[in-house]
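Beneath this line is the structure, given in structure tokens, with notes to follow.
Numbering (the UniProt record's numbering), first residue to last: 1 to 335.
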């Protein structure tokens, strides 16, 4: 098959993502073989490609927002049949036995493994997924629209939960890419007032089009104090900025898997009055199921920009440079 891989992490514009041949993967016990139809382009893919995240699998194929068709299965792969449409997301497996899994926090499992980091992902014609971690997709979503929901949407939803936004509250979103513009739609549907703080003029226009009450530069203050904020941009300098925008008792959730260094914080102006900082780590399968149901119920839709699978390098480069709003999606143009 044709697939992208990362022989040696480095700047995407220097060619660290390579297009070539790989054997079609053989599904193991409990695994499905999936022919990729579409695969969303996530900022985590950029972090894996450029080495911001440590190498877990040499020469890995990135991609973890996969919509595909089941074309085969290994032994004991239950619950799906050939021809089923499935989603493949970031969380690939957990041990199911540790104390975190036992209490419903499988996203914290020390033995967790991830698609496109620990195992080859969806920047390819075919990929595999444990059947227990494959997702059934709502029939009303086409392949391109569904792809960004499988990470950007799910993580945005978990970040929204971690931010503890009160009913009818005031939410600030720092950065407005693939995840934030989906999170905003859920928050707005639930009655929140949303303020967007982001660098890009196109992203600010999209925010206003979606119903945000305001859209300003990332370092500006929102027009009113925030009950909750979510930092989607991987920029540590924005942590004190967002904390200063919080009202008393406000919560800042940091949604990214990677963040540049956070500068020193001033206790009185940035942490006092019971302001909180919370991180977000992956998601549970329950998060995914809940979000996909909400997405259908509230008509959540990604703003998408399609690229051929064979031009994934361009898509990642455009993501890095901020050349599009919303989310990029790779469409299999090979098979």
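Even for Gly, the Cβ is constructed at its ideal location relative to N, Cα and C.
- Three or more Cβ pairs closer than 8 Å define a contact, and the segment 60-80 meets that threshold against the segment 114-121.
- Residue nearest to residue 145 within the set 299, 313, 310 is 299 (criterion: CA-CA distance).
- In this structure, 157 is the residue among 157, 248, 54 with its C-alpha nearest to the C-alpha of residue 294.
- Contact check for residue 246 against residue 238 fails: the beta carbons are separated by 9 Å or more.
- DSSP, read as helix, strand or coil, puts residue 156 in helix.
- Shown here, residue 247 sits in a strand according to DSSP, grouped into three states.
- The straight-line gap separating the alpha-carbon atoms of residue 278 and residue 332 is approximately 37 Å.
- Relative to the Cα of residue 192, the nearest Cα in the group 186, 178, 168 belongs to 168.
- Taking a 10 Å sphere around the C-beta of residue 209, we find fewer than 16 other C-beta atoms and assign the residue as exposed.
- Counting along the chain, the unbroken beta strand (DSSP E) around residue 227 starts and ends at 226-231.
- An exposed status is given to residue 205, since fewer than 16 other beta-carbon atoms sit within 10 Å of its beta-carbon.
- Unbroken alpha helix (DSSP H) runs of no fewer than 4 residues, entirely contained in the segment 98-135, are found at 99-102, following chain order.
- Annotated as proximal: residue 70 and residue 80, with beta-carbon spacing under 9 Å.
- With a 10 Å radius around the Cβ and a threshold of 16 neighbouring Cβ atoms, residue 201 comes out exposed.
- Checking the DSSP bridge columns, you'll see residue 39 partnered with 66, 330.
- By a beta-carbon distance limit of 8 Å, residue 226 does not contact residue 264. Their separation comes to about 22 Å.
- The straight-line gap separating the alpha-carbon atoms of residue 196 and residue 217 is approximately 8 Å.
- If you compare the alpha carbons of 257, 297, 292, 271 with that of residue 282, the shortest gap goes to 257.
- In the DSSP assignment, the residues bridged to residue 174 are 197, 231.
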